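Undergrad: Okay, here's the structure, questions in a sec.
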Amino acid sequence: MRKRKSFTKITGLILVGIYVFLLAGCDIQAFNDKHQEESKLLTLKVEDFSVFLFESSEEIYRANVKSTVMWSGLQEQAERDPLYAAHYKWLYDTYNSWDEGRRAQLHEIMQRYHPQPMSERLIQEGKQGAGLEEIIEFMKTDRFYAKNRSTLVDFYSWYGGNYALPHYEEIVPILQQKVDVVRGKVAGDLDIIACVESEAGIELKKEPGALELLFNMRLIGASGFSRDRDSLYGIRWSDEPDKIWSIALNELSRPFFRTFTTSWSFKRLAGKLKKDDQLMDKYNEDVPYTWEGWIEENLTEGFSRYLTVRMGIAEDVGPGVFIFDQEYARALLKGFNPQKISLEDFTVKFLQQKYEI
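According to the working numbering, the sequence shown is numbered sequentially starting from 898.
The structure is reproduced here in structure tokens:
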């Protein structure tokens, strides 16, 4: 019940501001240029068209062909959220308007390509902010798109111009309002990196890679991308502000933890945690990390929850996501002071006491 109220509140705030944005007009290129000028270490923005072009075609395919039951289950969400409802309806109306030839093209593309690497190729080659024409020209010559190139170029030229771009221009102001709501959870002049550094009590020797959070209209699935040392993550429409900041702070905290989680002494400690059945069972189930990475993920998630409370973003650390992240966050709130104990020593002591090592 709490989730529904929170989601409705966010939607209401977005509705209040959306009409102002629309009345002012939506210049996509100017919008992208403005938001690329934000802090280079942390950027909250609407996902670029270079991402939406491929991700949206895959979502249409999943809604209508591959994962119909899963997407039909989102009908209830659409019924209570008019902003999402328009996007949800578009997924079906778009596919239903195509002839069999276009449907066959999409099916052929989805058998050979995944949207994540198609977008990531553009991002890594400096085309993240490209418009439709530039994307198509790049696809005509880049070796990554060599398989079925003629089908790719023909389909995305047609789909991009007739469906993806018009819809993207409609959802940009909606998503931008959510970006503003999330950004409004912290003071405008707050230096996030300096705050994390201060709370961790650790000064990094070199500047970490940048983090971009790309807001989209999806409720299921979220892609991540890399660009040199930078990380980019898709933020779903259903993700609430507290969770979004936790995602950001988790990623931003990682370099600070790696000042000690990569040491041999910590790896030995992590190895001793394998005796815990709960940690091991979850790890064997579906964890996409090394064992040391799995332990680190619990720690960074807990630290991110701790930070959301310390920064006034959330009232409490919220429910646990992994195994001991919630307990670690609460321990930090109760007894961590970087002026008296290092984050490494506090963390080691916490793990030793919890797992009786």
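All C-beta atoms in this analysis are idealised placements derived from N, C-alpha and C, irrespective of residue type, glycine included. Source: prediction; values computed, not measured.
1) Please work out which residues of its chain come closer than 8 Å, Cβ to Cβ, to Glu1224, disregarding the five sequence neighbours upstream and downstream, and give them in chain order.
2) Going by alpha carbons, who is nearest to Phe1112 out of Pro1105, Cys1092, Lys1102 and Trp1142?
3) Check for me: the beta strand (DSSP E) holding Glu1109 runs from which residue to which?
4) Looking only at DSSP bridge pairs, what is Leu1132 linked to?
5) According to the neighbour-count rule (16 or more other Cβ atoms, all chains shown, within 10 Å of its Cβ), is Lys1024 buried or exposed?
6) Considering only the beta carbon of each residue, do Gly1121 and Gly1106 sit closer than 8 Å?
7) How is Leu941 classed by DSSP in three states: helix, strand or coil?
8) So Ile1254 packs on Leu1166, CB below 8 Å; how close in whole Å?
9) Can you say whether Pro1185 is buried or exposed, counting buried as having 16 or more other CB atoms within 10 angstroms of its CB?
10) Would Ile1032 pass as a contact of Ser947 if the rule is Cβ separation under 8 Å?
11) Can Thr965 and Ile1006 be called in contact, C-beta distance under 8 Å?
12) For Asn1147, count the other beta carbons within 10 Å of its own beta carbon; 16 or more makes it buried, fewer makes it exposed. Which is it?
13) Where does Ser947 fall in DSSP's three states?
14) So, at 6 Å on beta carbons, what are the nonlocal neighbours of Gln1249 in its own chain, with the 5 sequence-adjacent residues on each side left out?
15) So for Gly1190, helix, strand or coil by DSSP?
16) Between which two residues does the beta strand (DSSP E) containing Ser1123 stretch?
17) Can you list, in chain order, the residues of its chain whose CB lies under 6 Å from that of Phe1153, leaving out five sequence neighbours each side?
18) Are the CB atoms of Leu939 and Leu1149 within a distance shorter than 8 Å?
19) Can you tell me whether Asp894 is helix, strand or coil according to DSSP?
20) Using only alpha-carbon positions, find the residue among Tyr981, Arg1151 and Leu1087 that is nearest to Pro1070.
21) Quick check on Asp1242: does DSSP put it in helix, strand or coil?
22) Please determine if the segment 956-971 and the segment 987-1003 are in contact, where contact requires at least 3 C-beta pairs separated by less than 8 Å.
23) Can you give me the Cβ contacts of Thr1197 inside the same chain, cut-off strictly under 6 Å, excluding the 5 residues immediately before and after it?
TA: Looking at the coordinates:
1) What you label residue 1224 is simply residue 327 of the sequence shown in a count that begins at 1. Its chain contains Gly1199, Gly1217 and Lys1251 as the residues whose beta carbon lies nearer than 8 Å to that of Glu1224, once the 5 sequence neighbours on both sides are disregarded; these appear in chain order.
2) By 1-based counting over the sequence shown, the position of residue 1112 is 215. That would be Trp1142, whose Cα lies nearest to the Cα of Phe1112.
3) For the purposes of this step, residue 1109 is taken as residue 212 along the sequence shown, with counting starting at 1. Residues Leu1108 to Phe1112.
4) For the purposes of this step, residue 1132 is taken as residue 235 along the sequence shown, with counting starting at 1. The residue asked about is misnamed: residue 1132 is Ile in this sequence, not Leu. DSSP lists Phe1112 as partners of Ile1132.
5) On the sequence shown, residue 1024 is found 127 positions in, with the first residue counted as 1. When all chains shown are included, Lys1024 counts as buried.
6) Looking up residue 1121 in the sequence shown gives position 224. Looking up residue 1106 in the sequence shown gives position 209. Cβ distance not < 8 Å, so Gly1121 and Gly1106 don't count as in contact.
7) The count along the sequence shown starts at 1 and reaches residue 941 at position 44. In this structure, Leu941 counts as strand in the three-state DSSP scheme.
8) Position 357 of the sequence shown, counted from the start, is the residue given in the question as residue 1254. Position 269 of the sequence shown, counted from the start, is the residue given in the question as residue 1166. Rounded, the Cβ-Cβ distance is 7 Å, consistent with contact.
9) Here residue 1185 corresponds to residue number 288 of the sequence shown, with the count starting at 1. That one is exposed.
10) The sequence position of residue 1032 within the sequence shown is 135, counting from 1. The sequence position of residue 947 within the sequence shown is 50, counting from 1. If you check the CB distance, Ile1032 and Ser947 come in under 8 Å.
11) The residue you call residue 965 lines up with position 68 of the sequence shown. The residue you call residue 1006 lines up with position 109 of the sequence shown. No.
12) In the sequence shown, counting from the first residue as 1, residue 1147 sits at position 250. With 16 or more neighbouring CB atoms inside 10 Å of its own CB, Asn1147 falls in the buried class.
13) Walking along the sequence shown from the start, residue 947 turns up at place 50. Three-state DSSP puts Ser947 in a helix.
14) Position 352 of the sequence shown, counting from 1, holds the residue named residue 1249. If we look at Gln1249 and ignore the five residues flanking it on each side, it has no Cβ neighbours.
15) In the sequence shown, residue 1190 corresponds to position 293, counting from 1. DSSP, reduced to helix, strand and coil, places Gly1190 within a helical segment of the structure shown.
16) Position 226 of the sequence shown holds residue 1123. Gly1121 to Arg1124 is the span of the beta strand (DSSP E), which, as asked, contains Ser1123.
17) Position 256 of the sequence shown, counted from the first residue, corresponds to residue 1153. Ala1097 and Ile1099, listed in sequence order.
18) In the sequence shown, counting from the first residue as 1, residue 1149 sits at position 252. In the sequence shown, counting from the first residue as 1, residue 939 sits at position 42. Yes. Within cutoff.
19) This structure does not reach residue 894, given that the chain is present from 898 up to 1254, and the question cannot be answered.
20) Along the sequence shown, one-based indexing puts residue 1070 at 173. Nearest option by C-alpha distance: Tyr981.
21) Taking the first residue of the sequence shown as position 1, residue 1242 is located at position 345. In the three-state scheme derived from DSSP, where H, G and I count as helix and E and B as strand, Asp1242 is classed as helix.
22) Judged by Cβ distances under 8 Å, the segment 956-971 makes contact with the segment 987-1003, as three or more pairs qualify.
23) Here residue 1197 is taken as the residue at index 300 of the sequence shown, counted from 1. Cβ within range, chain order: Asn1147, Ser1150, Arg1151 and Phe1154.
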